[in-house]
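Participant:
In this note's numbering, the protein residues as written are 5 to 554.
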C-alpha cells in the first residue's frame, strides 16, 4: 500500500449507544429514584412506537436504516418523510424541504426517527397510518456526536413541523414512585389509551406528541423508555413549550405528496478485508479519523482461536453523492459499522472502562470516508508533527476520564419497559412460528416449554399465564394443522394477516364481540390481550363481516 495515502473520516449518521440494562431492573429503578430524590436529575419517559430505525442527514448526507443504507427501509423512510412534509407545509412543502435539507447538510445534523409502516414487516399491531416520529437529533460536527436534549428536539421539530413523541417528566420522588407503580399495575392489561391517561395524572409535566399513537398505530403499545436527564429539564421544557407552540398543520391529503421513485442502490462488490486494511494503514488526516480508526481496529481484533472478539461487521460502499469528485487519487466511501449482537455493546463498554478516551460504539453507525494522496515531501517533513498535534489536541472533542465515566453512568440509567400485550404478540406468537415449523422433535412440547419459560421470566401472574397458555395452545394447534395439510407457511414478516382472523374466530366462538366507545368493532388484538370487561357484550356471531367458515 502507498505510504503517502491519507484518510479523512467523519461520522455521518448515528443513533444513541445501545442502552440495554446490564443491571437488574429493580436496581436501575432504585438508582433512578435516588438520583431524582436528591434533586440531581429528572426522570424522562417517552412512548416506544413499534417500527424501524430511520436516520436522515439531508439529500447529500443521505438516508440510513439501522445497519445499512440504499435499501427498502431507507426508500420507504424517504417516501413517508416527504409525504409528512407535504401534510405539514401544504403548498410551501417543496421550498421548506429544500431549506431543511440545506440546513441539515450545512450544520452536519442527523435526524433519527422511528419509521412506522405496514409494509416493512409486522410488529405488535399493524399501524393505521404510515408515519415517522423523531426520537433523536445529533450534531455530528468533526468529532464525537452531540445529541440534543428533548426540549431542544421539540423546539427543532416544531420549527420544521416534524412529528414529535409524547413525553412525561417526573421530578420528585413521589412522582417517580407513582410512575413505576402505574407501569406495574398496567403491565399485563394496559392499552395505549389507558397508559397515556394514567401517566398524565401522575407526571409533573406531560407533553403530548404531534403523532397520536392511538390514532396512528393503535392500542397495542410496545412500551415506555425512561431515562435520567438534567435536573433543569422541567424548567427548560416549560420554557420551550411557551416559545414554540404546537404548529397548525395544513392537513393535506396523503395523495398530494410528491411522488418519490424508490430505487435500489447497488454498491460495488470488492474485497472488504483488503479495503478495511487499507483504511487502517492510512495516515489519519485529523483527530476524528484517528479515533474512528481506533474503533475499527478494536472491533476487528481476533481471539487466540482466530475468531472475531466482537461480532461487528465493517463494510464500505462507494459514495454516490461524491462521484463527480472521484479519481484514482481521491476515493469516497460510506462505511457501515454493523453490530450483529447486543452483547457486543456490553463487551465494548468494558473496553471503555479501561480506556476512557475510546469513543462509544453507536447503534446505526455510518461514516463518510475519503482516501486521498498526500504530498510525500510534505508528509515526511511536516506530517508527523502536524498529525501528532491534531490527534492529541483537544479539538473540542476529547473528554476527561471523569466526563466519560459520568456519561457512561448516565447511559446505564435508561430503561425499557415493555407491555405484555406487545411481548405476547411478538415474542410468543410471531417468534414462536420458528419453533412450530420445525421438522424435528416434539414441536408442541417445545413450544409450550418456550412460552412458559418466557412468561416466567417476564413475571406474568398465574392468572394471566393460564389465560395466555390456553390461547397459545389453540394457536399452536391451528398452525400445526395448516402444516399437516401442506398449506403455505405463515411468515413472521406478515404474521398478523393470519393472527387477527384467528383471534376474531376465538371471540366469536365464545359468542362475544367487543365494541369500542363509538359502537365500532374493535380489533381482535385489543380484545384477546386484555380490555375492560365493561365494554364486552354478548351477541350472536352470525353475519360478522370478514369472518368466514364459522
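Idealized CB from N, CA, C, for every residue including glycine.
Buried or exposed for residue 272, please, with buried defined as at least 16 other CB atoms from any protein chain shown within 10 angstroms of its CB.
Facilitator: Along the chain shown, read from residue 1 onward, the residue named residue 272 stands at position 268. A caution first: residue 272 carries a pLDDT of 35, below 50, which makes its placement in the model unreliable, though a value can still be read off. Residue 272 comes out exposed.
Participant: In whole angstroms, what is the alpha-carbon distance linking residue 313 and residue 216?
Facilitator: Within the chain shown, the letter at position 309 stands for residue 313. Within the chain shown, the letter at position 212 stands for residue 216. Near 43 Å, if we compare the C-alpha coordinates of residue 216 and residue 313.
Participant: Would you list the residues sitting across from residue 48 in a DSSP beta bridge?
Facilitator: Numbered from 1 along the chain shown, position 44 holds the residue referred to as residue 48. 173 and 231.
Participant: Roughly how many angstroms lie between the CA atoms of residue 237 and residue 450, to the nearest whole one?
Facilitator: Indexing the chain shown from 1 puts residue 237 at position 233. Indexing the chain shown from 1 puts residue 450 at position 446. Distance between residue 237 and residue 450, taken at the CA atoms: about 49 Å.
Participant: Measuring straight from C-alpha to C-alpha, what distance separates residue 556 and residue 107?
Facilitator: Absent from the structure is residue 556, since the part of the chain shown begins at 5 and ends at 554.
Participant: Count the CB pairs spanning the segment 205-216 and the segment 162-182 that are closer than 8 Å, and state whether there are at least three.
Facilitator: yes
Participant: Taking only the alpha-carbon atoms, compute the straight-line gap between residue 34 and residue 109 and give it to the nearest angstrom.
Facilitator: Sequence index remark: in the chain shown, residue 34 carries index 30 (1-based). Sequence index remark: in the chain shown, residue 109 carries index 105 (1-based). Taking the straight line from one Cα to the other gives about 42 Å.
Participant: Just verifying my parser: in three-state terms, what is the DSSP assignment at residue 10?
Facilitator: Taking the first residue of the chain shown as position 1, residue 10 is located at position 6. Residue 10: strand per DSSP, three-state reduction.
Participant: Could you tell me whether the Cβ atoms of residue 120 and residue 252 are closer together than 8 Å?
Facilitator: To locate residue 120, count along the chain shown from 1; it is residue 116. To locate residue 252, count along the chain shown from 1; it is residue 248. No, the pair does not count as a contact, with Cβ atoms beyond the cut-off.
Participant: Could you pull the DSSP bridge partners for residue 143 from this structure?
Facilitator: In the chain shown, residue 143 corresponds to position 139, counting from 1. Paired residues: 113 and 150.
Participant: Helix, strand or coil, according to DSSP, for residue 224 in the structure here?
Facilitator: Numbered from its first residue, the chain shown carries residue 224 at position 220. Coil at residue 224, not helix or strand.
Participant: Per DSSP, what kind of secondary structure is residue 354 in: helix, strand or coil?
Facilitator: Position 350 of the chain shown, counted from the start, is the residue given in the question as residue 354. In the structure shown, residue 354 sits in a helix (DSSP, three-state: H, G or I).
Participant: Rounded to whole angstroms, what's the CA-CA distance from residue 19 to residue 489? Just pull it up for me.
Facilitator: By one-based count along the chain shown, residue 19 stands at place 15. By one-based count along the chain shown, residue 489 stands at place 485. Approximately 46 Å between the Cα atoms of the pair.
Participant: Give every residue of the same chain whose Cβ lies closer than 8 Å to the Cβ of residue 181, excluding the five residues on either side of it in the sequence, and list them in chain order.
Facilitator: The residue labelled residue 181 in the question sits at position 177 within the chain shown. These residues qualify, in order along the chain: 37.
Participant: Measure the C-alpha to C-alpha separation of residue 491 and residue 447 and round it to an integer number of angstroms.
Facilitator: If you number the chain shown from 1, residue 491 lands on position 487. If you number the chain shown from 1, residue 447 lands on position 443. One C-alpha to the other measures close to 17 Å.
Participant: Hey, how far is the Cα of residue 218 from the Cα of residue 512?
Facilitator: Position 214 of the chain shown holds residue 218. Position 508 of the chain shown holds residue 512. So the two alpha carbons sit approximately 25 Å from each other.
Participant: Quick one, are the C-beta atoms of residue 113 and residue 142 less than 8 Å apart?
Facilitator: As a first step, residue 113 is located in the chain shown; it is residue number 109 there, counting from the start. As a first step, residue 142 is located in the chain shown; it is residue number 138 there, counting from the start. Yes, the pair counts as a contact, with Cβ atoms nearer than the cut-off.
Participant: Applying the criterion that 16 or more other CB atoms from any shown protein chain within 10 Å of the CB defines a buried residue, is residue 232 buried or exposed?
Facilitator: Taking the chain shown and counting its residues from 1, one reaches residue 232 at position 228. Buried: at least 16 other Cβ atoms inside 10 Å.
Participant: Excluding five sequence neighbours on each side, which residues of the same chain lie with their C-beta closer than 7 Å to the C-beta of residue 351?
Facilitator: Taking the chain shown and counting its residues from 1, the one referred to as residue 351 is at position 347. Cβ contact annotation for residue 351 (same chain, cutoff 7 Å, sequence separation greater than five): 314, in chain order.
Participant: Assess, as a yes-or-no matter, whether the segment 149-159 is touched by the segment 193-207 under the definition of 3 or more beta carbon pairs within less than 8 Å.
Facilitator: no
Participant: Cβ of residue 169 within 8 Å of Cβ of residue 51?
Facilitator: Against the chain shown, residue 169 aligns to sequence position 165. Against the chain shown, residue 51 aligns to sequence position 47. A contact, by the Cβ cut-off of 8 Å.
Participant: For a quick check, are the C-beta atoms of residue 165 and residue 92 less than 8 Å apart?
Facilitator: Along the chain shown, read from residue 1 onward, the residue named residue 165 stands at position 161. Along the chain shown, read from residue 1 onward, the residue named residue 92 stands at position 88. It is a contact, given that the beta carbons lie within the stated cut-off.
Participant: Report yes if the C-beta distance between residue 32 and residue 417 is below 8 Å; otherwise report no.
Facilitator: Counting from 1 along the chain shown, the entry for residue 32 is found at position 28. Counting from 1 along the chain shown, the entry for residue 417 is found at position 413. Their beta carbons are under 8 Å apart, which means residue 32 touches residue 417 by this criterion.
Participant: Could you check whether residue 290 and residue 338 sit closer than 8 Å to each other, using their CB atoms as the reference points?
Facilitator: One-based indexing of the chain shown puts residue 338 at position 334. One-based indexing of the chain shown puts residue 290 at position 286. For the 8 Å CB-CB criterion, residue 338 and residue 290 do not form a contact.
Participant: Can you give me the C-alpha to C-alpha distance between residue 528 and residue 426, rounded to a whole angstrom?
Facilitator: Position 524 of the chain shown, counted from the first residue, corresponds to residue 528. Position 422 of the chain shown, counted from the first residue, corresponds to residue 426. For residue 528, the predicted structure reports a pLDDT of 49, less than 50, and the residue's modelled location is therefore unreliable. A value from the coordinates is still provided. In this model, residue 528 and residue 426 are separated by some 14 Å (Cα to Cα).
Participant: Could you please give the first and the last residue of the uninterrupted beta strand (DSSP E) stretch that includes residue 359?
Facilitator: Within the chain shown, residue 359 is the residue found at index 355, counting from 1. Neither: residue 359 is in no beta strand (DSSP E) and is coded neither H nor E.
Participant: Could you give the distance in angstroms between the alpha-carbon of residue 230 and the alpha-carbon of residue 428?
Facilitator: Here residue 230 is taken as the residue at index 226 of the chain shown, counted from 1. Here residue 428 is taken as the residue at index 424 of the chain shown, counted from 1. Cα-Cα distance, rounded: 22 Å.
Participant: Looking only at DSSP bridge pairs, what is residue 341 linked to?
Facilitator: Within the chain shown, residue 341 is the residue found at index 337, counting from 1. DSSP, once it has assigned bridges, lists 318 and 369 as partnering residue 341.
Participant: According to DSSP, which residues form a beta bridge with residue 492?
Facilitator: Walking along the chain shown from the start, residue 492 turns up at place 488. Residue 492 pairs with nothing; no bridge assigned.
Participant: Which full runs of the beta strand (DSSP E) of 3+ residues lie inside the segment 175-211, going along the chain?
Facilitator: 209-211
Participant: With a threshold of 7 Å (Cβ to nearest heavy atom), would residue 292 be considered close to the ligand MN?
Facilitator: The ligand content of the structure shown is nil, which means the ligand MN is not present either.
Participant: What did DSSP end up calling residue 467 once you bin it into helix, strand or coil?
Facilitator: Working through the chain shown from its first residue, we reach residue 467 at position 463. Residue state, collapsed to three classes: helix.
Participant: Look at the alpha carbon of residue 30 and the alpha carbon of residue 39, and state the distance between them as a whole number of angstroms.
Facilitator: Taking the first residue of the chain shown as 1, we reach residue 30 at position 26. Taking the first residue of the chain shown as 1, we reach residue 39 at position 35. Cα to Cα, the separation comes out at about 14 Å.
Participant: Less than 8 Å between the CB atoms is what I'm expecting for residue 214 and residue 250, so what's the real figure, rounded?
Facilitator: Locating residue 214 in the chain shown gives position 210, where the first residue counts as 1. Locating residue 250 in the chain shown gives position 246, where the first residue counts as 1. Contact holds; Cβ gap of about 6 Å.
Participant: Within its chain, find whatever has a CB closer than 7 Å to the CB of residue 480; leave out the 5 residues flanking it on each side and keep chain order.
Facilitator: Here residue 480 corresponds to residue number 476 of the chain shown, with the count starting at 1. Closer than 7 Å at the Cβ level, and outside the excluded window around residue 480, lie 440, 448 and 451.
Participant: Can you have a look at residue 347 and say buried or exposed, based on whether 16 or more other CB atoms are within 10 angstroms of its CB?
Facilitator: Counted from its first residue, the chain shown places residue 347 at position 343. Here residue 347 is exposed. Its C-beta has fewer than 16 other C-beta atoms within 10 Å.
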